[in-house]
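Asker:
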């Protein structure tokens with residue numbers, strides 16, 4: 001059974017938050033909470049911080065030599081639980097968080113390629129991690145999420 005992102009965050013951060021409100025209490029206000037997903041193209045890693053606290057570090061696959069992943073700071077523009085690429089033969093893009101035109105953070109089934117450039121420019125994650133990231137963005141909101149891509 002796939003553990004919810006809320007349960008994972010509570011387990012990961014409970015010790016650090018002793019004496020303060022948990023991130024996902026029944027009446028928690030998420031407006032003040034921020035998510036920053038920092039993608040390193042050179043390291044092929046995405047580090048996710050919640051309210052400045054490092055929370056996750058996941059292997060990714062970004063653009064290969066023929067396909068650039070854009071660098072910069074972005075806000076999610078749209079989200080789809082399942083999207084099929086119109087540009088690349090209806091390739092499945094589960095848990096897509098689009099951040100710049102047709103570029104998205106999304107799941108991949110080519111998990112053996114994670115940790116090395118292999119995409120057409122998107123940021124690919126393990127399906128479990130993509131589902132977690134999607135749920136984080138959905139919970140905290142796109143306005144409270146930054147996707148920062150660095151060389």
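Residue numbers (the UniProt record's numbering): 1 to 151.
For glycine and all other residues, C-beta sits at the position ideal for the given N, C-alpha and C.
1. Whole angstroms is fine: what's the gap from residue 112's alpha carbon to residue 42's?
2. Helix, strand or coil: which one does DSSP assign to residue 139?
3. Cβ of residue 77 within 8 Å of Cβ of residue 99?
4. Grouping DSSP H, G and I as helix and E and B as strand, with all else coil, what is residue 88?
5. Below 8 Å between beta carbons: does that hold for residue 125 and residue 143?
6. Put residue 65 into one of helix, strand or coil per three-state DSSP.
7. Would you mind sorting residue 139 into buried or exposed? The rule is 16 or more other CB atoms within 10 Å of its CB.
8. Assuming residue 48 contacts residue 37 under a Cβ cut-off of 8 Å, what Cβ separation, rounded to an integer in Å, is found between them?
9. Alpha carbon to alpha carbon, how far is residue 133 from residue 110? Give it in angstroms, no decimals.
10. Determine the burial state of residue 90: buried for a count of at least 16 other Cβ atoms within 10 Å of its Cβ, exposed for fewer.
11. What is the rounded straight-line gap between the Cα of residue 155 and the Cα of residue 147?
12. Can you tell me whether DSSP reads residue 117 as helix, strand or coil?
13. Go ahead and pull the three-state DSSP assignment for residue 75.
Answerer: Let's see:
1. CA-to-CA, the gap between residue 112 and residue 42 works out to about 18 Å.
2. The answer is helix: DSSP assigns residue 139 an H, G or I state.
3. Their beta carbons are under 8 Å apart, which means residue 77 touches residue 99 by this criterion.
4. Looking at residue 88 - three-state DSSP - the assignment turns out to be coil, as it is neither helix nor strand.
5. Taking 8 Å as the Cβ cut-off, residue 125 and residue 143 do not qualify as a contacting pair.
6. In the structure shown, residue 65 sits in coil (DSSP, three-state: anything other than H, G, I, E or B).
7. So residue 139 counts as buried.
8. Approximately 5 Å separates the beta-carbon atoms of residue 48 and residue 37; this is inside 8 Å, confirming the contact.
9. Their Cα atoms are separated by approximately 18 Å.
10. By the neighbour-count criterion, in which 16 or more other beta carbons inside 10 Å mark a residue as buried, residue 90 falls on the exposed side.
11. Residue 155 cannot be examined here, being either before or after the span of the chain that is shown, 1 to 151.
12. In the three-state reduction of the DSSP assignment, residue 117 falls in the coil class.
13. Here DSSP, grouped into helix, strand and coil, assigns residue 75 to coil.
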